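Under numbering that gives the first Met the number 0, the first residue of the sequence shown carries the number 0, and numbering increases by one thereafter.
The beta carbon of each residue, even a glycine, is placed where N, CA and C say it ideally should be.
Computed from a predicted structure; not experimentally measured.
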Amino acid sequence: MRTRYLAVGVTVDGDREALGIWWQDTEGAKFWLAVLNDLHHRGVSDVLIACVDGLTGFPDAIAAVFPQAWVQTCIVHQIRASLRNVNYRDRRALAADLRPVYTPANADDAPVELDRFVGAAVTR
């Protein structure tokens, strides 16, 4: 079964636009480089942030086509990576404690929540 990949753009006004759907048997940096080149040739030019998974070579493919783009690993993959070395029985509680760090009410609250999380994690 072929997997479908969807590229979504978000405008400066916060509107989402489907940029394309691609079918592929396997995912790899070459595939994404072709997708990015396709987007570029169809007129996409102002890619400022690219949110990606941890696929090796993906950030390099983005930099090759959209050198001004800032590459951000998606929050789900960041959380999975941060919990990878946590004892299985502690993961659920730690993930719940981590949530306020990446879902603050505003940007000023994020460092406060991070300090709270670190303090709580150190005392465990």
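Requested in this report: Go to GLN23, then tell me how far its beta strand (DSSP E) extends in each direction, as first and last residue.
Outcome: 15–23
Requested in this report: Can you tell me the Cβ-Cβ gap for ARG1 and TRP22, rounded? I've got them flagged as a contact below 8 Å.
Outcome: 5 Å
Query - Extent of the continuous alpha helix (DSSP H) to which ARG90 belongs - result: 87–101
Query raised in the report: So ALA94 packs on LEU82, CB below 8 Å; how close in whole Å?
Result: 6 Å
Query raised in the report: If you draw a straight line from the C-alpha of ILE74 to the C-alpha of ASP96, how long is it?
Result: 15 Å
**Report entry** Span of the alpha helix (DSSP H) around VAL75
**Finding:** 74–82
Report task. Please name the residue, chosen from GLN71, PHE30, ALA80 and ALA28, that lies closest to LEU47 on a Cα-to-Cα basis. Result -> GLN71
Query raised in the report: Nearest-angstrom Cα distance between ASP24 and ARG115?
Result: 44 Å
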